[in-house]
Ligand SMILES: Cc1cc2nc3c(=O)[nH]c(=O)nc-3n(C[C@H](O)[C@H](O)[C@H](O)COP(=O)(O)O)c2cc1C
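In the working numbering, the protein residues as written are 5 to 371.
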């Protein structure tokens with residue numbers, strides 16, 4: 005059997021196969037509430053055979069956390085919408101976790117929903133992604149940090165109450181948690197900052213430990229991180245495997261169960277002298293299960309897609325070899341699952357030539 009369709013037997017999270025839907029913001033939740041259309045969108049992906057769905061980024065209950073219109077909240081009335089989503093996905097045979105999100109300073113001046121509220125970040129440094137439109141954030145005080153940690157805890161507990169199968173923390177791509185990791189945005193001299201990468205993991209480790217305390221030892225915590233940032237695609241947190249280790253071990257010790265290693269091309273070696281990708285290194289260092297992602301089955305990476313370049317489906321036998329070799333455990337598919345909810349079923353049945361390739365216009369609707 006194709007290894008993608010072998011079960012994932014991790015004690016805390018059993019999945020019917022190795023395929024994960026990558027978290028993808030769709031901005032289709034009016035007033036930040038996921039509606040029936042959103043539930044149908046996720047249900048179709050579950051019916052299409054994916055083992056685990058990671059929802060689009062959904063915002064924790066804190067006034068500073070939102071970045072743009074149409075992005076779902078994870079509090080208040082939105083939780084009723086999320087309940088419908090969870091139930092629909094479970095009924096269709098997949099598991100689902102919400103991706104908990106705080107955008108930090110990635111809030112364009114003309115876009116953030118509550119215009120009287122300042123943007124938060126590790127330091128008062130405008131995010132490079134937004135250029136001229138960047139909102140100058142305020143550096144979080146210890147009290148702000150405490151409040152935001154509590155908001156993550158509340159969201160994680162709500163996820164558990166609603167019947168989600170775990171949570172994913174969005175620690176990637178230059179948003180709030182990553183703004184603490186990244187030396188460009190974190191110039192703090194207190195215990196949340198420092199010259200070495202390990203010193204800048206403290207905000208994340210406090211969030212993870214606080215969630216772990218609140219949800220208990222059997223509710224899975226997935227942690228997504230990346231080297232690249234929005235607006236700084238060549239940025240790197242860790243330049244060497246040793247530096248990566250200094251970053252990962254505190255997160256692991258705080259209570260991460262599964263690492264989701266966000267790269268744009270899964271086949272790119274992360275460091276010299278080894279073919280291992282970021283998920284491969286992370287598994288080797290931590291011994292924890294990892295999720296790989298990035299251009300699986302598509303010939304171009306997602307930024308090119310956003311520019312309107314057309315993509316074609318491609319062979320991914322190299323991915324299967326890596327999975328066989330236990331370089332990583334799970335494989336996330338992003339654009340492929342927007343384009344074709346039945347991607348997993350078609351692959352399982354060897355109908356590769358029937359898979360619809362991704363095109364940018366598909367982002368306009370929630371089919
Ligand atoms: C439309 C779109 C929205 C995305 N939104 C998110 C998001 O909310 N959170 C996140 O961690 N990554 C987000 N990503 C990145 C994807 O999760 C994934 O890592 C990326 O698309 C690479 O996978 P792919 O090559 O299979 O598309 C988004 C990507 C796309 C295409």
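Even glycine gets a Cβ: it sits at the ideal position worked out from N, Cα and C.
### Query
When the Cα of residue 320 is compared with those of 298, 314 and 306, which residue comes out closest?
Across the set 298, 314 and 306, the C-alpha of 298 shows the shortest separation from the C-alpha of residue 320.
### Message
Considering just the uninterrupted stretch of the alpha helix (DSSP H) at residue 45, what are its terminal residues?
### Response
It spans 40–51 - the alpha helix (DSSP H) in which residue 45 sits, taken as one unbroken run.
### Message
Does the structure place the stretch 69–86 close enough to the stretch 130–148 that three or more beta carbon pairs sit under 8 angstroms?
### Response
No, the stretch 130–148 does not touch the stretch 69–86.
### Query
Using a Cβ-Cβ cut-off of 7 angstroms (strictly less than) and excluding sequence neighbours within five positions of residue 82, which residues of its own chain qualify?
36, 37, 38 and 76.
### Query
What span of residues does the beta strand (DSSP E) with residue 60 cover, start to end?
For residue 60, the enclosing beta strand (DSSP E) covers residues 56–63.
### Task
Would you mind sorting residue 52 into buried or exposed? The rule is 16 or more other CB atoms within 10 Å of its CB.
Under this definition residue 52 is a buried residue.
### residue 278 Cβ short of 7 angstroms to ligand 3 heavy atom set
As for ligand 3, it is missing from this structure, which binds only ligand 1.
### Query
Thinking just about the alpha-carbon of each residue, which of 301, 304, 281 and 306 is nearest to the one in residue 294?
Closest by alpha carbon: 281.
### Cβ separation of residue 57 and residue 46, assumed to be a contact under 8 angstroms, to the nearest whole Å
Going by Cβ atoms, the distance from residue 57 to residue 46 rounds to 6 angstroms, so yes, they are a contact pair.
### Query
Would you say the beta carbon of residue 337 comes nearer than 7 angstroms to a heavy atom of ligand 1?
For residue 337, the distance from the CB to the nearest heavy atom of ligand 1 is below 7 angstroms.
### Message
Here's the rule I'm using: 16 or more other beta-carbon atoms within 10 Å means buried, otherwise exposed. How should residue 278 be labelled?
### Response
Residue burial is scored here from C-beta neighbours: residue 278 has fewer than 16 other C-beta atoms within 10 angstroms and is therefore classed as exposed.
### Message
Using a 10 Å radius around the Cβ and a threshold of 16 neighbouring Cβ atoms, would you call residue 40 buried or exposed?
### Response
By the neighbour-count rule (16 or more Cβ atoms within 10 Å), residue 40 is not buried but exposed.
### Task
Verify the contact flag: residue 365, CB atom, against every heavy atom of ligand 1, threshold strictly below 7 angstroms.
No; taking the cut-off as 7 angstroms, the Cβ of residue 365 has no heavy atom of ligand 1 nearer than that.
### Query
Any idea what DSSP makes of residue 255, helix, strand or coil?
Taken through DSSP and simplified to helix, strand or coil, residue 255 comes out as helix.
### Message
Please tell me whether residue 104 and residue 171 are closer than 8 angstroms, where the distance is taken between their beta carbons.
### Response
Judged by their CB atoms, residue 104 and residue 171 are nearer to each other than the 8 angstroms cut-off.
#### Entry: DSSP beta-bridge partners of residue 103
Bridge partners of residue 103: 61 and 172.
### DSSP-derived helix/strand/coil call for residue 189
When secondary structure is reduced to three states using DSSP, residue 189 falls in the coil class, being assigned neither helix nor strand.
### Task
Within 10 angstroms of the Cβ of residue 306, are there 16 or more other Cβ atoms? Answer buried if so, exposed if not.
By the 10 Å Cβ count, residue 306 comes out buried.
### Message
So, at 8 angstroms on beta carbons, what are the nonlocal neighbours of residue 216 in its own chain, with the 5 sequence-adjacent residues on each side left out?
### Response
Residues 225, 258 and 259 of the same chain have their beta carbon placed closer than 8 angstroms to that of residue 216, with the five preceding and five following residues left out of the count.
### Among 50, 180 and 102, the one whose alpha carbon lies nearest that of residue 128
Between residue 128 and the set 50, 180 and 102, the nearest pair of CA atoms involves 180.
### Nearest-angstrom Cβ-Cβ length linking residue 266 and residue 228, presumed shorter than 8 angstroms
Indeed they touch by this definition, with Cβ atoms about 6 angstroms apart.
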